[in-house]
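Step one of this worksheet: look at the structure below.
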Amino acid sequence: MELETFFSVSEQTAQFFLSVALGAGLGILYDVFRAVRIVFPFTKKFAAVLVGDTVFTLCAGAALFLFAVVFCRAEIRLFCIIGACLGFVLYIASLGNFIIGILRTIFSFLYTGLRKVYSLISAQFVKIAKGIYPKRK
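For the record, in the sequence shown the residue sitting at position 113 is 105 according to my numbering, with numbers rising by one throughout.
Pasting the structure below:
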């Protein structure tokens, strides 16, 4: 049994579209990192972005490598890399920005609501503390 040394046009087309789907999946993963940055405003923003982007890049590289092993007989194909980049860019430019906008709005409402609840609760504790410990003259 001989192993074919080339891919047919239909196989290459399938690989390209699968790589575009992989890129969109990587876009979703990147949105997770962006959402974490929204929820947790880091004081050392540069360091947090650097660590997050490094972890994402390692995950994306591993995903592309595994994609090549599983779907391309372990051959690195330029059109697969281009397809993954295209899928990533299309996702981030369209659905990704929409989702991040929604997340920003949701977290903004939650943050504002939680701040109001905190203010109400802390005000009650201040009143209680003032009643227990009156000012000394």
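Ideal Cβ placement from N, Cα and C applies to all residues, glycine included.
By the beta-carbon neighbour count (other beta carbons within 10 angstroms, threshold 16), SER100 is exposed.
Of the candidates TYR22, CYS64 and GLY44, the residue whose Cα lies closest to the Cα of GLU3 is CYS64. The residue among ASP45, ILE120 and ARG26 with its C-alpha nearest the C-alpha of PHE90 is ARG26.
Around the CB of SER114, fewer than 16 other CB atoms lie within 10 Å, so the residue is classed as exposed.
A residue is called buried when at least 16 other Cβ atoms come within 10 angstroms of its Cβ; VAL62 does not meet this threshold and is exposed.
In chain order, GLY88, ILE91 and ILE92 place their CB closer than 7 Å to the CB of ASP23, counting only its own chain and leaving out the 5 sequence neighbours on each side. Rounded to the nearest angstrom, the gap between the Cα atoms of GLN116 and PRO33 is 28 Å.
Under the three-state reduction of DSSP, PHE117 is assigned to helix.
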